[in-house]
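Before any comments, here is the structure.
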Amino acid sequence: MQIVDLPDALLHACIDYFDHSSLHSTELTCKRFCALLCRQNLWQIVAKKSLCYDEKYASLHKTPSSFVKQLVCMSNRTSLATENLLKEVFSCSSVDHLNESPSHTLTPSYCWTELRARSQFFQSMNDPQLVFAIAEKIQAECGCANGIPCYWSSSPSLLRDIDDWILYTIRAPCLIQRIEIVPYRVFWYPMKPTYAPRQVSFSFFVRKLNEPIHDTVKTFGINAHILYESPLYDVANDMTLQAFQLPKPVFMEPANSFLRINFFGRSQRLGGNAQDNELLNAEMNQFMNDAAIDINYYVCLTYVGACGVEKPLS
Numbered sequence: 001m002q003i004v005d006l007p008d009a010l011l012h013a014c015i016d017y018f019d020h021s022s023l024h025s026t027e028l029t030c031k032r033f034c035a036l037l038c039r040q041n042l043w044q045i046v047a048k049k050s051l052c053y054d055e056k057y058a059s060l061h062k063t064p065s066s067f068v069k070q071l072v073c074m075s076n077r078t079s080l081a082t083e084n085l086l087k088e089v090f091s092c093s094s095v096d097h098l099n100e101s102p103s104h105t106l107t108p109s110y111c112w113t114e115l116r117a118r119s120q121f122f123q124s125m126n127d128p129q130l131v132f133a134i135a136e137k138i139q140a141e142c143g144c145a146n147g148i149p150c151y152w153s154s155s156p157s158l159l160r161d162i163d164d165w166i167l168y169t170i171r172a173p174c175l176i177q178r179i180e181i182v183p184y185r186v187f188w189y190p191m192k193p194t195y196a197p198r199q200v201s202f203s204f205f206v207r208k209l210n211e212p213i214h215d216t217v218k219t220f221g222i223n224a225h226i227l228y229e230s231p232l233y234d235v236a237n238d239m240t241l242q243a244f245q246l247p248k249p250v251f252m253e254p255a256n257s258f259l260r261i262n263f264f265g266r267s268q269r270l271g272g273n274a275q276d277n278e279l280l281n282a283e284m285n286q287f288m289n290d291a292a293i294d295i296n297y298y299v300c301l302t303y304v305g306a307c308g309v310e311k312p313l314s
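In the UniProt record's numbering, the protein residues as written are 1 to 314.
Now the structure itself:
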């Protein structure tokens, strides 16, 4: 007996464990296998395992199985990932000053781009004071050291356990695979503090204008339903690009789609990284009697990105 002669129940039990590439191979084996995939909705089974999407939205298509199959195929084509799928800022939890808008996070700042380009050079240097001087000069050229912010700042708090968020609209339809953030370090301020959150998570919402209110959740002034909520991720208190791969790609449909970045806790007020303590403590002694020194906790970000595949379906 050959595998093609096995009963459908046994074939289904085997195929249920197949991944994306295995299913394609199975489709090409014979007409019976291809028909079995369609009849048993096996592409939908793989889709539920490998990505997150709105099944109600998929069911509205003329051929839902073909639509879901396309989603699975696109989610496995990581080489097509683009940056940045965020469209604009819808709202946020707070802002310290009006010009420190979360809209600054939509594009990479000049100072972060320049600091990143020099990262290997900085690592090879044995003079932290010179590194700080160069970084401060770069932020002066950026403008953020002279009252022209390139970052979003939350409102201040003397408490560390404060939560914040930014709500973005999405360039849908798209498949989002990872989220990127860059915390902001204030090289032009005493102690060179970095204001990163301690942890982040990501919530995906979809609002449908014709959807009954009782099917949605009232949040941030909109009626939307939650499509997916990620686990918590730890954030390093450093001005570097930090990428958070989602457990599954998330398909955002061409409706009113939103991504909320949730920030849990605040990492630092005035005070430097451990390796800089000797130098920065000396600097702090210079400013310790200055009444203008700000000892509040903040969250400050200079960049947020959502990476994936834009317009994955024709």
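C-beta: ideal position from N, C-alpha, C; glycine also.
All figures in this text were calculated on a predicted structure; none of them were measured in a lab.
Continuous alpha helix (DSSP H) stretch holding residue i: start and end
i, result
"residue 139", "128-142"
"residue 118", "Where residue 118 is concerned, there is no enclosing alpha helix (DSSP H), given that its DSSP letter is neither H nor E."
"residue 62", "That residue, residue 62, is in no alpha helix (DSSP H); it is neither H nor E in DSSP."
CB contact flag (residue i, residue j, <7 Å)
i, j, result
"residue 310", "residue 243", "no"
"residue 239", "residue 194", "yes"
"residue 156", "residue 100", "no"
"residue 176", "residue 308", "yes"
"residue 267", "residue 223", "no"
"residue 258", "residue 205", "yes"
"residue 75", "residue 249", "yes"
"residue 73", "residue 111", "no"
"residue 306", "residue 252", "no"
"residue 184", "residue 151", "yes"
"residue 182", "residue 298", "no"
"residue 86", "residue 168", "yes"
"residue 166", "residue 261", "yes"
"residue 245", "residue 187", "no"
"residue 153", "residue 96", "yes"
"residue 207", "residue 256", "yes"
"residue 200", "residue 233", "yes"
Helix, strand or coil at residue i according to DSSP, with G and I counted as helix
i, result
"residue 67", "helix"
"residue 268", "coil"
"residue 194", "strand"
"residue 162", "coil"
"residue 45", "helix"
"residue 296", "coil"
"residue 72", "helix"
"residue 168", "strand"
"residue 230", "coil"
"residue 153", "strand"
"residue 257", "strand"
"residue 236", "coil"
"residue 175", "strand"
Unbroken beta strand (DSSP E) run spanning residue i, endpoints
i, result
"residue 300", "300-310"
"residue 204", "197-207"
"residue 248", "242-252"
"residue 379", "The requested residue 379 does not occur in the structure, where the chain is confined to residues 1 to 314."
Exposure of residue i, with buried meaning 16 or more beta-carbon neighbours within 10 Å
i, result
"residue 62", "exposed"
"residue 56", "exposed"
"residue 121", "exposed"
"residue 102", "buried"
"residue 104", "buried"
"residue 164", "buried"
"residue 160", "exposed"
"residue 133", "exposed"
"residue 295", "exposed"
"residue 54", "buried"
"residue 213", "Model confidence at residue 213 stands at a pLDDT of 48, short of 50, so the residue's coordinates are unreliable and nothing is read from them."
"residue 69", "buried"
"residue 300", "buried"
"residue 123", "exposed"
"residue 117", "exposed"
"residue 49", "exposed"
"residue 320", "There is no way to answer for residue 320, as the model of the chain reaches only from 1 to 314."
Residue i at chain D interface by Cβ criterion, 7 Å
i, result
"residue 199", "Looking at the structure shown, chain D is missing, and only one protein chain is on hand."
Handout entry: Whole runs of the beta strand (DSSP E) within the segment 75-102, excluding any shorter than 3 residues
Key = Runs found: 86-92.
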